[in-house]
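Residue numbers (the UniProt record's numbering): 1 to 161.
Even glycine gets a Cβ: it sits at the ideal position worked out from N, Cα and C.
Predicted model only: the values in this text are computed from it and were never measured.
What follows is a set of notes on a single structure, which appears directly below.
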């Protein structure tokens with residue numbers, strides 16, 4: 001029983017890690033726009049919830065269940081930036097996610113075991129899944145993003161225009 005307790009505590013820590021990684025993905029999208037002088041709104045977990053404004057950045061965090069909390073992130077700009085800034089923004093989210101997944105993979109699979117390794121491995125797989133889902137050009141068919149284009153598809157469409 002005592003051996004299970006650290007793992008039971010590790011599960012919420014892994015959830016917090018996945019939410020933090022999702023925020024980093026969305027913040028990476030926002031960075032080129034903010035550096036170009038634009039305003040950005042990031043939503044995590046839900047479009048409604050608690051909102052904080054930090055200068056040109058607005059962040060909303062809502063809770064519509066754990067699955068949506070770790071999976072739903074969205075960013076939007078208030079004014080349309082240049083094509084170059086848009087391209088950097090669309091590419092930045094998946095790029096940060098790939099770098100984070102690679103870093104977590106290097107650390108998690110070094111042969112360790114225990115609750116810390118469990119957390120790192122869980123967030124690694126979460127980010128690996130997010131990297132594929134966002135980088136592959138496609139239109140989402142279901143879930144919170146139904147009908148929306150992935151980051152990869154938005155980038156590809158922008159480059160083709």
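Of the residues the options, the one placed nearest residue i, counting alpha carbons only
| i | options | result |
| --- | --- | --- |
| residue 46 | 33, 22, 30 | 22 |
| residue 25 | 100, 13, 108 | 100 |
| residue 129 | 7, 49, 105 | 105 |
| residue 103 | 91, 124, 84 | 124 |
| residue 49 | 32, 68, 56 | 68 |
| residue 28 | 80, 82, 87 | 87 |
| residue 20 | 81, 120, 143 | 120 |
Exposure of residue i, with buried meaning 16 or more beta-carbon neighbours within 10 Å
| i | result |
| --- | --- |
| residue 150 | buried |
| residue 166 | For residue 166 there is no data in the structure shown, the boundaries of the chain being 1 and 161. |
| residue 72 | buried |
| residue 17 | buried |
| residue 43 | buried |
| residue 155 | buried |
Through-space distance from residue j to residue i, alpha-carbon basis
| i | j | result |
| --- | --- | --- |
| residue 126 | residue 96 | 13 Å |
| residue 58 | residue 3 | 42 Å |
| residue 30 | residue 70 | 19 Å |
| residue 75 | residue 41 | 6 Å |
| residue 39 | residue 89 | 13 Å |
| residue 108 | residue 161 | 41 Å |
| residue 52 | residue 60 | 7 Å |
| residue 159 | residue 36 | 19 Å |
| residue 152 | residue 12 | 30 Å |
| residue 6 | residue 34 | 40 Å |
| residue 122 | residue 145 | 23 Å |
| residue 78 | residue 55 | 13 Å |
| residue 141 | residue 148 | 8 Å |
| residue 131 | residue 91 | 11 Å |
Any C-beta of chain D under 8 Å from that of residue i
| i | result |
| --- | --- |
| residue 19 | Among the chains in the structure shown there is no chain D, since it carries only a single protein chain. |
Beta-carbon separation (whole angstroms), residue i vs residue j, contact threshold 8 Å
| i | j | result |
| --- | --- | --- |
| residue 139 | residue 93 | With 8 Å as the limit, residue 139 and residue 93 do not qualify as a contact, their Cβ atoms being about 17 Å apart. |
| residue 118 | residue 10 | 5 Å |
Fill in: Sufficient close CB pairs (3 or more, under 8 Å) joining the region 112–128 to the region 51–65
no
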